[in-house]
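Here is the structure we will look at, set down as structure tokens.
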Amino acid sequence: EAEVAQSPRYKITEKSQAVAFWCDPISGHATLYWYRQILGQGPELLVQFQDESVVDDSQLPKDRFSAERLKGVDSTLKIQPAELGDSAMYLCASSYSGNTIYFGEGSWLTVV
Amino acid sequence: GQNIDQPTEMTATEGAIVQINCTYQTSGFNGLFWYQQHAGEAPTFLSYNVLDGLEEKGRFSSFLSRSKGYSYLLLKELQMKDSASYLCAVIGAGNNRKLIWGLGTSLAVNP
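In order, the protein sequence lines correspond to chains A and B.
Going by the working numbering, 77 is the number at position 77 of the first sequence; the sequence numbering is gapless.
Heads up, the working numbering is the position in the second sequence plus 1000, with the first residue counted as 1.
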């Protein structure tokens, strides 16, 4: 069964350092999402791509976060500089038609 | 504003039936998802409802009433492995099909 691939699974970084997460969606899925999830809360959308275009980045802290999906396939989410409050799980998800959204395993970030 | 309400926690006994409710107020509606999330793991898809009525998938069923802004997830023959958080999410209006997430219901299944 096709899966959304994410890496790294776990990342520990010092505050003020840069960190990047990578996501490869299910083949053929035009829509790609990056979510942030803090323990005990629902996922918070950071950015949504349709192919290579950003369709929603209203909740992305653009002073330190950036996301790209240059060829409309895989995507990278970057944080620079990382802050303590960025510690969370970063989830990538993809969808073909919007009727089913599949999540990757997530990337756990701990900022120390 | 847009809002999704779910109970924070529920407890049930192995072998029993449990119903997790979700009410929503959103600007537009294009479908409702239920996801299961075990601690430390990503959400996994359970169901998608866009029309009123009951959708059954094995031990899990999901119901939707659009006029009432209401859905429930029904879990039958509960197993210990069903202990998890259950997230309700609604697709709002607009071409980008933005998902609005509830905070999740933490279900504990006891022996």
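For every residue, glycine included, the Cβ atom is placed at its ideal position computed from N, Cα and C.
The beta-carbon of Gln-59 (chain A) is placed no less than 8 Å from the nearest beta-carbon of chain B. No Cβ of chain B is located within less than 8 Å of the beta carbon of Tyr-90 (chain A). Along the region 41-54 of chain A, going in chain order, the ones with a CB nearer than 8 Å to a CB of chain B are Gln-41, Gly-42, Pro-43, Glu-44, Leu-45, Gln-48, Gln-50.
Residue state for Asp-63 (chain A) is assigned as coil, using DSSP reduced to three classes. Excluding its 5 nearest sequence neighbours in each direction, His-29 (chain A) has C-beta neighbours in its own chain below 7 Å: Ser-94, Ser-95, Tyr-96, listed in chain order.
Straight-line spacing of the CA atoms in Leu-1103 (chain B) and Leu-91 (chain A) works out to 16 Å.
DSSP links Lys-1057 (chain B) through a beta bridge to B:Phe-1060.
Look at Asp-74 (chain A): its C-beta is not under 8 Å from any C-beta on chain B. Residues of the same chain with a CB within less than 6 Å of the CB of Phe-21 (chain A), apart from the 5 flanking positions on each side, are Leu-77, Tyr-90, Ser-107 in chain order. Chain A has a Cβ within less than 8 Å of the Cβ of Phe-1045 (chain B). Pairwise C-beta distances place the region 1008-1018 of chain B in contact with the region 1070-1087 of chain B, as three or more of them are shorter than 8 Å. When rounded, the separation of the alpha-carbon atoms in Pro-1043 (chain B) and Tyr-1035 (chain B) is 6 Å. Restricting attention to B:Ala-1108, B:Ser-1106, B:Ile-1100, B:Thr-1105, the CA atom closest to the CA of Asn-1030 (chain B) is found in B:Ile-1100.
Nearest in C-alpha terms to Gly-85 (chain A), of all of A:Ala-5, A:Trp-34, A:Ile-38, A:Cys-23, is A:Ile-38. Distance from the Cα of Ile-1004 (chain B) is smallest, within the candidate group B:Glu-1056, B:Asn-1049, B:Cys-1022, for B:Cys-1022. Between the C-alpha atoms of Ala-1089 (chain B) and Val-54 (chain A) there is a straight-line separation of about 21 Å.
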